[in-house]
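Have a look at the structure below before the remarks.
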Amino acid sequence: MTRIALLLATNIAVVLVLSIILNLLGVEQFLREHGIDAELVTLLIFAAGIGFAGSFISLAMSKYMAMKMMGAQPIESPRGEQEQWLVETVRRFAQREGIGMPDVAIYDAPEINAFATGARRNSALVAVSSGLLQNMTRDEAEAVIAHEVAHVSNGDMVTLTLIQGVVNTFVIFLSHVAGRFVDRVVFKNEGGHGPGFWITMIFAQMVLGVLASMITMYFSRKREFRADAGSAKLAGRDKMIAALEKLKRSVEPQNMPDEMEAFGINGRMGGSSIKRLFMSHPPLDERIEALKARPV
21 MTRIALLLAT
31 NIAVVLVLSI
41 ILNLLGVEQF
51 LREHGIDAEL
61 VTLLIFAAGI
71 GFAGSFISLA
81 MSKYMAMKMM
91 GAQPIESPRG
101 EQEQWLVETV
111 RRFAQREGIG
121 MPDVAIYDAP
131 EINAFATGAR
141 RNSALVAVSS
151 GLLQNMTRDE
161 AEAVIAHEVA
171 HVSNGDMVTL
181 TLIQGVVNTF
191 VIFLSHVAGR
201 FVDRVVFKNE
211 GGHGPGFWIT
221 MIFAQMVLGV
231 LASMITMYFS
241 RKREFRADAG
251 SAKLAGRDKM
261 IAALEKLKRS
271 VEPQNMPDEM
281 EAFGINGRMG
291 GSSIKRLFMS
301 HPPLDERIEA
311 LKARPV
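Position one of the sequence shown corresponds to residue 21 (the working numbering), numbered consecutively onward.
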């Protein structure tokens, strides 16, 4: 709750600062002089409503959508020793972190991967691929499970949702302002929204959406380091390093949809510095070095 309160306070502060800056720069007065009734505060509220509503609806549906997209099968009653071990491992780490027992699921995929999602820390989902269970040792798999439980404990799903809500707000707000400016100043449209507004707004949302994605992915990479550290605390640093080394030797994930990639432990690898900006996960070598730098 503290993290949520801080992020919401930050969002409100940023909105207020942006409004003040626009007023100090005379942007609102300039728009009014050109016949643009921007109503910046109302527009900010509208943008925030849409931006956060979409993010929180996605979060609320995250468990259901993840299960459907990945074809994950929840373990309601463990069948066999492997499923029993998986459920008990999740339970043990959840108890140590002081969170509710997550739902546990397995999805059929050859690559080594896992993910955690859910709207609340006490009602989350931890799912692992069949490839992970088949190709990792128990120690390595234990470290991956600890990594996902750490994501849940850290509240990373909510954190990323709030960040997405913030960037959505500014994408909507700035694209509308740009559309109104071009429509009224360039095309001299005095009534309603003309083609200039819609074309500019759509183009601005595309450009700003790319920039917003870069911001979101930056925070996604940061949370991976924190989850790695959480796994080192729960399962042991050497086990987590071994798990990441195994991921280096495995193929890149092919069956994880784009919508779920940021939630998996094994994200796609980046090459160029530009491509790196859109990576949901840091390079595995950097994650390994960060763990090795941690005190035992």
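Backbone N, C-alpha and C define an ideal beta-carbon position, used for all residues, glycine too.
Quantities reported herein were computed from a predicted structural model and do not represent experimental measurements.
**Report entry** Ordered list of beta strand (DSSP E) runs contained in the region 75-146, each at least 3 residues
**Finding:** 123-127 and 134-140
Query raised in the report: With respect to the alpha helix (DSSP H) encompassing L254, which residues constitute its N-terminal and C-terminal limits?
Result: P215 to L254
**Report entry** At least 3 beta-carbon pairs within less than 8 Å: the region 245-255 vs the region 138-151
**Finding:** no
Report task. Pull up the CB-CB distance for G216 and F207, whole angstroms please, since I reckon it's below 8 Å. Result -> 4 Å
Query raised in the report: Which value, in whole angstroms, describes the spacing of the CA atoms of E96 and V146?
Result: 13 Å
Query raised in the report: Taking C-alpha atoms, which residue in V197, R158, T179 and T157 lies nearest to F66?
Result: V197
Query raised in the report: With DSSP run on the structure shown, which of helix, strand or coil describes S149?
Result: strand
**Report entry** Backbone CA spacing between L63 and A313 [nearest angstrom]
**Finding:** 47 Å
**Report entry** Sequence-distant residues of the same chain with beta carbon closer than 7 Å to S233, five excluded per side
**Finding:** F298
Query - Simplified DSSP state of E160, which is helix, strand or coil - result: helix
Requested in this report: Would you mind sorting Y84 into buried or exposed? The rule is 16 or more other CB atoms within 10 Å of its CB.
Outcome: exposed
Requested in this report: With DSSP collapsed to three states, give me the class of A262.
Outcome: helix
Query - Distance between beta carbons of T220 and V202, contact taken as under 8 Å - result: 4 Å
**Report entry** Cut-off 6 Å between Cβ atoms - residues of its own chain near H171, not counting five sequence neighbours on either side
**Finding:** A136 and A247
Query raised in the report: Whose C-alpha, out of D258, K242, K253 and P315, is nearest the C-alpha of P303?
Result: K242
Query - Given M89 as reference, the closest of E103, D128 and P98 once Cα atoms are compared - result: D128
Query raised in the report: What residues in its chain sit with their C-beta under 6 Å from that of D123, if we drop five residues either side in the sequence?
Result: P94 and L145
**Report entry** Candidates H167, D176 and E103, of which the one nearest S150 by Cα
**Finding:** E103
Requested in this report: Please classify H301: does DSSP put it in a helix, a strand, or coil?
Outcome: coil
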